[in-house]
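Presented below is the structure to which this report refers.
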Amino acid sequence: MKRIIRHRSTLGAALVLSCLNPAQAAETGSVTLYGIVDLGTTYERKDGESSLRQKSGNQSGSRWGLRGSEDLGNGYKAVFRLESGFNANSGTQAQGRLFGRWAYVGLAGGFGEVRLGRQWVYGFEWAGVGSPFGTGWGQSSNNASLGYNDGDFGAGGRVNNAVFYATPRLGGWQAGLGYSFEAHDGEAFATNAHDRVLTAGLRYNGGPVATALTYERLNPNSQLPNKKTAGNLQLAGSYDFEWIKLHGTYGNLRNANTGPSAGYDRVNSYIAGVSVPTGKVGTLMASYQRATGSDITGWALGYQYDLSRRTNLYAYVNRLDIRESHTLQTSVGIRHMF
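Numbered according to UniProt numbering, the sequence shown spans residues 1 to 338.
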């Protein structure tokens with residue numbers, strides 16, 4: 001389906017351009033429409049109260065997006081990505097904006113890729129290899145213990161007004177560096193009144209091994225004297241033995257200003273997990289995570305059953321304890337990718 005849409009989009013664009021400017025029609029480019037629709041039924045019990053409801057984005061956030069490129073010649077191309085999150089149960093926007101997940105334009109070539117716009121910090125984008133649930137599956141994800149449920153490094157690990165550079169992949173290795181001039185919405189005019197975020201990463205993916213080392217640093221709004229400079233270091237990895245895949249993460253979060261780790265000078269986080277294939281179409285997953293200092297503990301069990309290459313069923317149960325608050329969550333649902 002993706003191939004058909006891309007070909008139709010490219011053909012349509014070519015026809016429009018040929019009418020407007022014959023010279024532009026000769027340029028080579030493509031646009032791909034893609035997305036995920038994820039919807040399930042979720043039961044949640046928190047601190048003595050319970051809720052049963054339909055919920056969007058349990059395994060993966062529901063989204064649709066446009067991704068494209070234009071060949072500029074001499075090995076260079078223009079690239080862009082616009083990705084919008086939505087709630088499949090109600091049809092409303094997620095992230096509070098039209099393109100809340102990604103919104104960037106850039107230039108790519110033999111030197112690597114430079115992107116400008118709203119993007120994911122590398123700790124959120126790359127370090128998911130250290131958990132079988134990555135950054136999805138509700139509170140099974142690595143977000144709670146590693147600090148990306150906090151707002152210091154962008155809402156949900158995403159920063160506005162950013163410039164990122166990523167190297168080409170060399171023997172499985174890739175490095176990246178990014179800087180956000182103004183990470184959040186509605187900040188004042190002066191530069192020192194902005195939350196500025198630095199993000200850097202180094203990752204390797206080759207054979208059975210995947211690993212990532214990432215770091216984020218918040219230079220806070222200086223007009224808020226109680227807001228501290230925060231840092232987040234992560235080392236994550238996995239090894240695939242084919243019959244079982246092992247995952248692990250170490251995180252070091254300092255001076256969190258928001259979220260469950262706020263007020264703690266230093267929080268060390270640990271995640272251990274496994275993924276086990278069950279036949280050709282199923283995967284069983286389990287993980288345990290703990291953050292010392294802020295006293296966060298969680299465990300999760302999940303199962304994915306593939307109906308096709310693009311559609312699967314899922315089920316999970318997890319528990320997250322944040323000091324005196326205790327949340328049990330279970331969900332069953334279906335995810336379709338296009």
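All C-beta atoms in this analysis are idealised placements derived from N, C-alpha and C, irrespective of residue type, glycine included.
Keep in mind that this is a model prediction, so the values were computed, not measured.
Where the alpha helix (DSSP H) containing residue i begins and where it ends
i	result
GLY123	122-125
Residue i and residue j closer than 8 Å at C-beta
i	j	result
SER140	GLY251	no
GLY117	ALA103	yes
ASP337	ILE36	Here the sequence assigns Met to residue 337, which means Asp is not the residue at that position. Yes, the pair counts as a contact, with Cβ atoms nearer than the cut-off.
GLY85	TYR34	no
ARG290	ASN312	no
TYR305	VAL267	no
GLN119	PHE164	yes
ARG196	ASN219	yes
GLY106	VAL79	yes
THR41	GLY263	no
THR249	ASN142	yes
PRO208	TYR239	yes
Unbroken beta strand (DSSP E) run spanning residue i, endpoints
i	result
GLN54	49-56
GLY65	63-73
ASN161	158-166
GLN139	From DSSP, GLN139 is part of no beta strand (DSSP E); its letter is neither H nor E.
Coarse secondary structure for residue i, derived from DSSP in three states
i	result
LEU307	coil
LEU98	coil
LEU224	coil
ALA25	Bear in mind that a pLDDT of 43 at ALA25, under 50, signals an unreliable position, so the number given afterwards is only what the model happens to contain. ALA25: helix per DSSP, three-state reduction.
SER180	strand
ALA193	helix
LEU206	It should be noted that the sequence gives Gly, not Leu, for residue 206. Strand.
GLY171	coil
PRO132	coil
ARG3	Only weak support exists for where ARG3 lies, its pLDDT of 42 falling under 50; the coordinates are left without a value.
In DSSP terms, what residue i is bridged to
i	result
THR330	TYR43 and VAL317
ASP38	ARG335
LEU246	TYR239 and VAL274
ARG115	GLY106 and PHE164
THR92	ASN87
ASN232	GLU216 and LEU253
LEU82	LEU66 and ALA103
VAL31	GLY68
ALA155	ARG158
SER325	ILE322
LEU198	TYR179 and ARG217
Please list the segments of the alpha helix (DSSP H) lying wholly inside the segment 257-313, counting only runs of 4 or more residues, in order along the chain.
-> Within the segment 257-313, there are no complete alpha helix (DSSP H) runs of at least 4 residues.
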